[in-house]
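Residue numbers (the numbering used here), protein chains in the order written: chain A, 11 to 317; chain B, 125 to 407.
We put the beta carbon where it would ideally sit given N, CA and C, even for glycine.
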């Protein structure tokens, strides 16, 4: 178990290091932020530019800049935005909860929808209900998430005027972003629930439960689902990365004040410290969640550890 | 499984195949025909007919966009980008990934460890996040988008091929081929590769669909294909500005995307069942 844990942790650390290094290196290739900042400012001399670069720490060798960034990252000092000098930690502190709230609400919605649907498909295997759920799931997988978001705005905000089209203010503003991501996530999850349930429904403890005369509801939800829950939690955990990637795109449609919006504004302004922090924090989160899922799975199911 | 439900499943498989091939075939034909149907490439601007409603003017059946360009023409022409990106990115990834997977699965050792650790790193990160960073840096455009998709996806094929090679390389037919003196290259390409085509084709079909979606997302965000070239993602980015007063500028390009991707997904699902009879019942 110790060896398994150590392997997982080392691999995860390695991934995070690789990502931060690649991002830091690549971002330096984008262009000179000193020039960007002074665009249209009129009489700017080379000496002025050099002073700006020195103030932003851009005159140091790349590896010194990278080491400083890593040091700051570990001590939670993420530097300051090139624009306006707001600490990056403050910006991220506002954006990260917005993105995570959306991720959690979407995940919750998809679990609420996909578990009963997936169980229904497994129980009615090969019947009409199963085929209908299968086609619906394929349809859901084919939706471009940003277009689904736009169509919701068109229906609920522009035509019906029920919901606010953008921003994060109040509970109503969560409905459309959550529905968009939740529906698309459900399309994948339904299949996972169905496959898992088909496997568990064949096990002997389910037959015993049925033989004891327990009601079908108790058999399905108490006996079969609980045993299928372990692989399901793993699948749901592994989706976290894809979910965040999707949210970043959908945030754009809803002007959601999250990490995606922050990243795009940073891309447009060549705001290195912000972009670097956003990408690194999201990667760290994804790698962290995957690591937790791996460890939890290893604890619950000892067979995994041997691999 | 009763006779009734198995025939129901068979009927659904036929349904999947029919709808999938009609959608994909129809769209491919239309896009190919676009060179004859719309020699102007959907670029004709008519400022007198800006944001024309659909189903009103017979020459602009799906209406016009903010510059008076025909939506239908741009839809058909824009399909070129989707099909081009979808097919080229998958072709590139499958060639590189298959070679890497064959070599690392057959020879094992250091090379194998290196490729697989690299794959672990890539699979740990969502494509969109990395794509946003890199396209923002190296600049968007058709070629960069395709290269990025290839670079991010070859690992999927490498993993699939490596896994199958690991189980196949100890089987009798490979051992006997080696025993009668077939060279390594012959074993890899003549004996191993043909056994992998089934799962490869399924993954390729689903990835064409996936890559069409990814390209349109990136172009929608302004990071993918040049916005002056007609593409579905680009039309949707434009349509978003006019969502309030011209729904048709965003409804039709999205439908085109949805139907193309749905067609490919239906075909992929059908292929998976047809090539692997055991998966239909359990997966």
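Open item on the list: Is there a Cβ of chain A sitting closer than 7 Å to that of residue 180 of chain B, yes or no?
Closed with: Counted from its first residue, the second chain places residue 180 of chain B at position 56. Not an interface residue.
Open item on the list: Measuring only the C-alpha atoms, how far is residue 25 of chain A from residue 211 of chain A?
Closed with: The residue given as residue 25 of chain A occupies position 15 in the first chain. The residue given as residue 211 of chain A occupies position 201 in the first chain. About 38 Å.
Task: Closest by C-alpha distance to residue 169 of chain A, when choosing among B:236, B:156, B:355, B:371 - done: Your numbering for residue 169 of chain A matches position 159 in the first chain. Out of B:236, B:156, B:355, B:371, B:371 has the C-alpha closest to the C-alpha of residue 169 of chain A.
- [ ] Say whether chain A places a C-beta atom closer than 7 Å to the C-beta of residue 234 of chain B.
- [x] Walking along the second chain from the start, residue 234 of chain B turns up at place 110. No, residue 234 of chain B does not count as interfacial toward chain A.
- [ ] Look at residue 357 of chain B and residue 374 of chain B and say whether their C-beta atoms are less than 7 Å apart.
- [x] Locating residue 357 of chain B in the second chain gives position 233, where the first residue counts as 1. Locating residue 374 of chain B in the second chain gives position 250, where the first residue counts as 1. Not in contact: residue 357 of chain B and residue 374 of chain B (Cβ atoms no closer than 7 Å).
Task: residue 287 of chain A and residue 199 of chain A closer than 7 Å at C-beta - done: Position 277 of the first chain, counted from the start, is the residue given in the question as residue 287 of chain A. Position 189 of the first chain, counted from the start, is the residue given in the question as residue 199 of chain A. Cβ atoms of residue 287 of chain A and residue 199 of chain A: not closer than 7 Å.
- [ ] Have a look at residue 108 of chain A and residue 17 of chain A and give me their C-alpha separation to the nearest angstrom.
- [x] For the purposes of this step, residue 108 of chain A is identified with residue 98 of the first chain, where counting begins at 1. For the purposes of this step, residue 17 of chain A is identified with residue 7 of the first chain, where counting begins at 1. Their backbone Cα atoms lie some 33 Å apart in a straight line.
TODO: Pull up the DSSP beta-bridge partners for residue 184 of chain B, would you.
DONE: One-based indexing of the second chain puts residue 184 of chain B at position 60. BP columns for residue 184 of chain B point to B:181.
Open item on the list: If we define contact as Cβ-Cβ less than 7 Å, is residue 378 of chain B a contact residue for chain A?
Closed with: To locate residue 378 of chain B, count along the second chain from 1; it is residue 254. Answer yes: the Cβ-Cβ gap between residue 378 of chain B and chain A drops below 7 Å somewhere.
Open item on the list: So, at 8 Å on beta carbons, what are the nonlocal neighbours of residue 325 of chain B in its own chain, with the 5 sequence-adjacent residues on each side left out?
Closed with: Mapped onto the second chain, residue 325 of chain B falls at position 201. Excluding residues within five positions, the ones whose Cβ falls inside 8 Å are 395, 399.
Task: Chain-ordered neighbours of residue 324 of chain B on chain A, where CB pairs are closer than 9 Å - done: Along the second chain, read from residue 1 onward, the residue named residue 324 of chain B stands at position 200. Under the 9 Å cutoff, chain A gives no residues; its nearest Cβ is about 20 Å from residue 324 of chain B.
TODO: Please check the pair residue 290 of chain A and residue 74 of chain A, which I expect to be a contact at CB under 8 Å, by giving their CB distance rounded to whole angstroms.
DONE: For the purposes of this step, residue 290 of chain A is taken as the residue at position 280 of the first chain. For the purposes of this step, residue 74 of chain A is taken as the residue at position 64 of the first chain. Not really, about 18 Å apart at Cβ, beyond 8 Å.
Open item on the list: Counting only C-beta atoms, is residue 89 of chain A closer than 7 Å to chain B at any point?
Closed with: The sequence position of residue 89 of chain A within the first chain is 79, counting from 1. For residue 89 of chain A, the answer is no, since every Cβ of chain B falls outside 7 Å of its Cβ.
Open item on the list: Closer than 8 Å between beta carbons: that is the criterion. Which residues of the stretch 349-374 of chain B meet it against chain A?
Closed with: 360, 363, 364, 367, 368, 371, 374
Task: Nearest residue (CA-CA) to residue 260 of chain A, options A:177, A:15, A:220, A:248 - done: Residue numbering aside, residue 260 of chain A sits at position 250 when the first chain is read from its first letter. Comparing Cα-Cα distances from residue 260 of chain A to each of A:177, A:15, A:220, A:248, the minimum goes to A:177.
Task: DSSP three-state assignment for residue 362 of chain B, whether helix, strand or coil - done: Residue mapping note: residue 362 of chain B aligns to position 238 of the second chain, counting from 1. Helix at residue 362 of chain B.
TODO: Can you give me, in chain order, the residues of the stretch 252-274 of chain A that have a beta carbon less than 8 Å from any beta carbon in chain B?
DONE: 252, 254, 255, 256, 258, 259, 262, 263, 273, 274
Task: Within 7 Å, strictly: CB atoms of residue 169 of chain B and residue 191 of chain B - done: Here residue 169 of chain B is taken as the residue at index 45 of the second chain, counted from 1. Here residue 191 of chain B is taken as the residue at index 67 of the second chain, counted from 1. Result yes, Cβ atoms of residue 169 of chain B and residue 191 of chain B sit closer than 7 Å.
Task: Contact under 7 Å by Cβ, residue 296 of chain A with residue 247 of chain A - done: Position 286 of the first chain, counted from the start, is the residue given in the question as residue 296 of chain A. Position 237 of the first chain, counted from the start, is the residue given in the question as residue 247 of chain A. Taking 7 Å as the Cβ cut-off, residue 296 of chain A and residue 247 of chain A do not qualify as a contacting pair.
Open item on the list: Just to check my reading of the structure: residue 380 of chain B and residue 199 of chain B have Cβ atoms closer than 8 Å, yes? What is that Cβ distance to the nearest angstrom?
Closed with: Position 256 of the second chain, counted from the start, is the residue given in the question as residue 380 of chain B. Position 75 of the second chain, counted from the start, is the residue given in the question as residue 199 of chain B. Yes, they are in contact, since the Cβ atoms of residue 380 of chain B and residue 199 of chain B sit about 5 Å apart, within 8 Å.
Task: Contact with chain B by residue 191 of chain A, beta-carbon distance below 7 Å - done: Within the first chain, the letter at position 181 stands for residue 191 of chain A. Not closer than 7 Å to any Cβ of chain B, the Cβ of residue 191 of chain A fails to qualify, so no.
- [ ] Take residue 310 of chain A and list the residues in its own chain whose beta-carbon comes closer than 6 Å to its own, dropping the five residues that flank it on each side.
- [x] Position 300 of the first chain, counted from the first residue, corresponds to residue 310 of chain A. Within the same chain, residue 310 of chain A has close Cβ partners 240.
Task: residue 78 of chain A versus residue 299 of chain A - alpha carbon distance - done: Looking up residue 78 of chain A in the first chain gives position 68. Looking up residue 299 of chain A in the first chain gives position 289. If you take the alpha carbons of residue 78 of chain A and residue 299 of chain A, they lie about 26 Å apart.
Open item on the list: At the level of alpha carbons, what is the spacing between residue 317 of chain A and residue 196 of chain A?
Closed with: Within the first chain, numbered from 1, the residue matching residue 317 of chain A stands at position 307. Within the first chain, numbered from 1, the residue matching residue 196 of chain A stands at position 186. Note that residue 317 of chain A has pLDDT 46, beneath the 50 cutoff, so the model's placement of it is unreliable and no number is given.
TODO: Pick helix, strand or coil for residue 194 of chain B, following the three-state DSSP scheme.
DONE: For this step, residue 194 of chain B is matched to residue 70 along the second chain. Strand, per DSSP.
Task: Within 9 Å of chain B by C-beta, residues of the stretch 143-155 of chain A in sequence order - done: 144, 145, 148, 149, 151, 152, 153, 154, 155
- [ ] Look at the alpha carbon of residue 271 of chain A and the alpha carbon of residue 258 of chain A, and state the distance between them as a whole number of angstroms.
- [x] As a working mapping, residue 271 of chain A is identified with position 261 in the first chain. As a working mapping, residue 258 of chain A is identified with position 248 in the first chain. If I take the Cα positions, the gap works out to 7 Å.
Task: Chain-order list of residues whose beta-carbon lies under 8 Å from that of residue 406 of chain B (same chain, five-residue window excluded) - done: Taking the second chain and counting its residues from 1, the one referred to as residue 406 of chain B is at position 282. Because residue 406 of chain B carries a pLDDT of 39, less than 50, the predicted location of this residue cannot be relied on, and no value is offered for it.
Open item on the list: Tell me which residues share the same chain as residue 301 of chain B and place their Cβ nearer than 7 Å to its Cβ, disregarding the 5 neighbours each side in the sequence.
Closed with: Counting from 1 along the second chain, the entry for residue 301 of chain B is found at position 177. Here the set comprises 311, 315.
Task: the stretch 167-189 of chain A: positions lying closer than 8 Å to chain B by Cβ - done: 168
Task: Residue interval of the alpha helix (DSSP H) (run including residue 137 of chain A) - done: Looking up residue 137 of chain A in the first chain gives position 127. Counting along the chain, residue 137 of chain A falls outside any alpha helix (DSSP H), and DSSP gives it neither H nor E.
Task: Nearest-angstrom Cβ-Cβ length linking residue 345 of chain B and residue 143 of chain B, presumed shorter than 8 Å - done: If you number the second chain from 1, residue 345 of chain B lands on position 221. If you number the second chain from 1, residue 143 of chain B lands on position 19. Contact doesn't hold; Cβ gap of about 30 Å is too wide.
Task: Beta-carbon proximity list for residue 385 of chain B, same chain, < 7 Å, skipping 5 on both sides - done: If you number the second chain from 1, residue 385 of chain B lands on position 261. Hits under 7 Å: 333, 336, 337.
Task: residue 136 of chain B burial status per 10 Å Cβ neighbour count (16 or more: buried) - done: As a working mapping, residue 136 of chain B is identified with position 12 in the second chain. Per the 10 Å Cβ criterion, buried.
Task: is_contact[residue 385 of chain B, chain A] using C-beta, thresh 7 Å - done: The residue you call residue 385 of chain B lines up with position 261 of the second chain. Answer yes: the Cβ-Cβ gap between residue 385 of chain B and chain A drops below 7 Å somewhere.
Open item on the list: Three Cβ pairs or more, each shorter than 8 Å: is that satisfied between the stretch 269-289 of chain B and the stretch 236-246 of chain B?
Closed with: yes
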